[in-house]
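This note's numbering numbers the first residue of the sequence shown as 235 and each following residue consecutively. Note that CB positions come from ideal geometry on N, CA and C, so glycine has one too. Values in this document were obtained by computation on a predicted structure and should not be read as measured data.
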Amino acid sequence: MHRTQDNTYSLSDFRQRTGEHLDRIREGRVETITQNGQAAMVVMSPERYDFLVHSAERGHVWREAIRAYRAGEPGVPAREAIRSVAEELGHYVGTMRRNSTVSTPHSS
Numbered sequence: 235m236h237r238t239q240d241n242t243y244s245l246s247d248f249r250q251r252t253g254e255h256l257d258r259i260r261e262g263r264v265e266t267i268t269q270n271g272q273a274a275m276v277v278m279s280p281e282r283y284d285f286l287v288h289s290a291e292r293g294h295v296w297r298e299a300i301r302a303y304r305a306g307e308p309g310v311p312a313r314e315a316i317r318s319v320a321e322e323l324g325h326y327v328g329t330m331r332r333n334s335t336v337s338t339p340h341s342s
C-alpha cells in the first residue's frame, strides 16, 4: 500500500483518536502520520510488518538466485528447493516420487 490522502493523518489526529486508528490498523490498514505537514512515521500491525520484512528477504533470495543463474553457477536441485519452500510454509514433504502428494500438518 502506498501513501494516499485516504490513509494519511496528522499526529494530533492520531493522538486524539488513537483507538480508531488502532482498529483500522488491526484490520490490516497501514497509516502514514504527518507532523508539520510532512510524513513522520508509518504505522502498521506487527503481522503486516513481519510480512513486509519476510517479502523483502525473499526478494533478496530471488535476486541472488537469478544472478547466480545468469553467471552460470550451479543451483539447488529442484527436490531440495521444493522441500525447503514446503518446510518454510509449514508443510511436510515425504519422499517425492511420481504421483506423490505433499502432506500438510492438517491432512491425515
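Per DSSP, the continuous alpha helix (DSSP H) segment holding residue 295 begins and ends at 280-304. Per DSSP, the continuous alpha helix (DSSP H) segment holding residue 250 begins and ends at 245-250. If you draw a 10 Å sphere on the C-beta of residue 265, you find 16 or more other C-beta atoms in it, and that means buried.
With respect to residue 309, residue 302 sits close: the two C-beta atoms are nearer than 8 Å.
Linking residue 240 to residue 294 through their CA atoms gives a straight-line distance of about 31 Å. The alpha carbon of residue 273 has as its nearest neighbour, out of 311, 243, 326, 318, the alpha carbon of 243. For residue 269 against residue 286, the beta-carbon gap comes to about 23 Å, at or over 8 Å, which does not count as contact.
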